[in-house]
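Heads up: the sequence shown begins at 605 in the working numbering, then just goes up one per residue. Glycine included, every Cβ here is placed at the ideal spot set by N, Cα and C.
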Amino acid sequence: MLPVSLVAGELDLQDANGENVISVLHQQFPQIKLLPVVASPSVEGAIGAIRLGTIDYLLKANMTIDALLSLIKRVVLERQVPVLKSTLKHHPQDLIYCDPSMERLVQLARKAAASDATVLLQGESGTGKEVLARFVHRQSHRSAKPFVAINCAALPPNLLESELFGHEKGAFTGAIVRKVGKFELAHGGTVLLDEISEMDLGLQSKLLRVIQEGEVDRVGGRHPVPINVRIIATTNRVLKNEVEAGNFRQDLYYRLNVIPLTIKPLRERLMDIDLLVERFIDRYRRKNNRKIRGISAAARQALFRHSFPGNVRELENMIERGVVLAEGSLLEPSDLFLDEDELLAVANHGDSAAVKGNPADMIPGASLPLPVGTSLDSLERFMIFKTLKEVDNNR
Numbered sequence: 605m606l607p608v609s610l611v612a613g614e615l616d617l618q619d620a621n622g623e624n625v626i627s628v629l630h631q632q633f634p635q636i637k638l639l640p641v642v643a644s645p646s647v648e649g650a651i652g653a654i655r656l657g658t659i660d661y662l663l664k665a666n667m668t669i670d671a672l673l674s675l676i677k678r679v680v681l682e683r684q685v686p687v688l689k690s691t692l693k694h695h696p697q698d699l700i701y702c703d704p705s706m707e708r709l710v711q712l713a714r715k716a717a718a719s720d721a722t723v724l725l726q727g728e729s730g731t732g733k734e735v736l737a738r739f740v741h742r743q744s745h746r747s748a749k750p751f752v753a754i755n756c757a758a759l760p761p762n763l764l765e766s767e768l769f770g771h772e773k774g775a776f777t778g779a780i781v782r783k784v785g786k787f788e789l790a791h792g793g794t795v796l797l798d799e800i801s802e803m804d805l806g807l808q809s810k811l812l813r814v815i816q817e818g819e820v821d822r823v824g825g826r827h828p829v830p831i832n833v834r835i836i837a838t839t840n841r842v843l844k845n846e847v848e849a850g851n852f853r854q855d856l857y858y859r860l861n862v863i864p865l866t867i868k869p870l871r872e873r874l875m876d877i878d879l880l881v882e883r884f885i886d887r888y889r890r891k892n893n894r895k896i897r898g899i900s901a902a903a904r905q906a907l908f909r910h911s912f913p914g915n916v917r918e919l920e921n922m923i924e925r926g927v928v929l930a931e932g933s934l935l936e937p938s939d940l941f942l943d944e945d946e947l948l949a950v951a952n953h954g955d956s957a958a959v960k961g962n963p964a965d966m967i968p969g970a971s972l973p974l975p976v977g978t979s980l981d982s983l984e985r986f987m988i989f990k991t992l993k994e995v996d997n998n999r
């Protein structure tokens, strides 16, 4: 007789008897994964069931073959963790990922780093564009030289010009001494032009000359200053659209877009959430001297159903707040300060309206939303990170 790996059955999670059944089965047969099938969603019941050790839960009305197959595949993968653990990769410093799209992006970034070509990083705010830019610098032959970043959206055009290109003494009112600009400061290294799409059109023409000629003209200067820098530019907009709208020079766009790299938003690379959460919890419990062990299963599911408009930066802030304010040793859904609809969505797998993002791109009834077309290797890698703490004593 083959060993039983998964037991599914209809239970009322709002009834004490239902919780008792789960508790007894989990205690007597800890190796068996439990899957309650419920008639109606309940935040309290769902959270309670997960705490008692269920692998997940399904709404009776939405119990499909796809949903069951997804959970069966998940159980099989969890049993393979000890073997799959040996395939874990060590990721570059500060680049936290296991999503296949990020893996491809990092491979391209490594190739870009081997050259001096200009790199254009595009992606929503908070996706980690500067982190990737620093990675490119560290991987390049310029790594021992300065990495100088400037936010093009933070300064008005006249001040940005002075910051980038420098100025001579007496060039304008208040210029009492010569100032060396960012390009000169970064000589031999890398200049990061953050949010390049916000740069004034007049400054764009001056930047174009820097790229073409390899020299800068200080404000008020008489002679150009030769420089040797690698330029990386970032933007949270689609720069090609800005060109078509007349907001960005086409010739500069082509000069910057030699190696284009696009970082997907966090909602499109959900596989990375567990790794990021683990890193952020470790960072902020040390910083704040808090004894937080990790995150509960219910809180994890709440994160997977959040759309993260602020991307990785939003997740980091959420975890920092939770670590500081949490009452227990695990972060719970209430510690994440999500709205009531999102907490209810944790209990309502079948309601696509409760899942922000694009429901058409999710596997129907899956315990965690995964992009259609995800390879088995990527799914295996994701499941390793997701379950190591629970089944292999925190790696």
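Across the set Ala902, Tyr888 and Gly732, the C-alpha of Tyr888 shows the shortest separation from the C-alpha of Gly926. When the beta-carbon positions are compared, Pro869 and Glu728 come within less than 8 Å of each other. Of the candidates His791, Ser747 and Asn624, the residue whose Cα lies closest to the Cα of Val814 is His791.
For the pair Gly850 and Ile831, the CB atoms are not nearer than the 8 Å cut-off. In terms of Cα proximity to Gly793, the closest of Gln726, Lys664 and Gln743 is Gln743. Contact fails between the stretch 890-900 and the stretch 837-853, because fewer than three Cβ pairs, one in each stretch, are under 8 Å apart. Secondary structure at Leu763: helix, using DSSP grouped into helix, strand and coil. A distance below 8 Å separates the beta carbons of Leu865 and Leu736.
Burial check for Phe852: the Cβ neighbour count within 10 Å reaches 16 or more, so the residue is buried. In the DSSP assignment, Glu817 forms no beta bridge with any residue. Taking a C-beta distance under 8 Å as the contact criterion, Ile836 and Leu709 do not qualify as a contact pair.
DSSP places Ile780 in the coil class of the three-state scheme, outside both helix and strand. DSSP, read as helix, strand or coil, puts Asp798 in strand. In this structure, the alpha-carbon of Asn921 lies about 15 Å from that of Ser938. For Phe884, the closest C-alpha among the options Ala757, Glu765, Val608 and Ile896 is that of Ile896. When the beta-carbon positions are compared, Met875 and Cys756 stay at least 8 Å from each other. Between Phe787 and Val862, the C-beta spacing is not below 8 Å.
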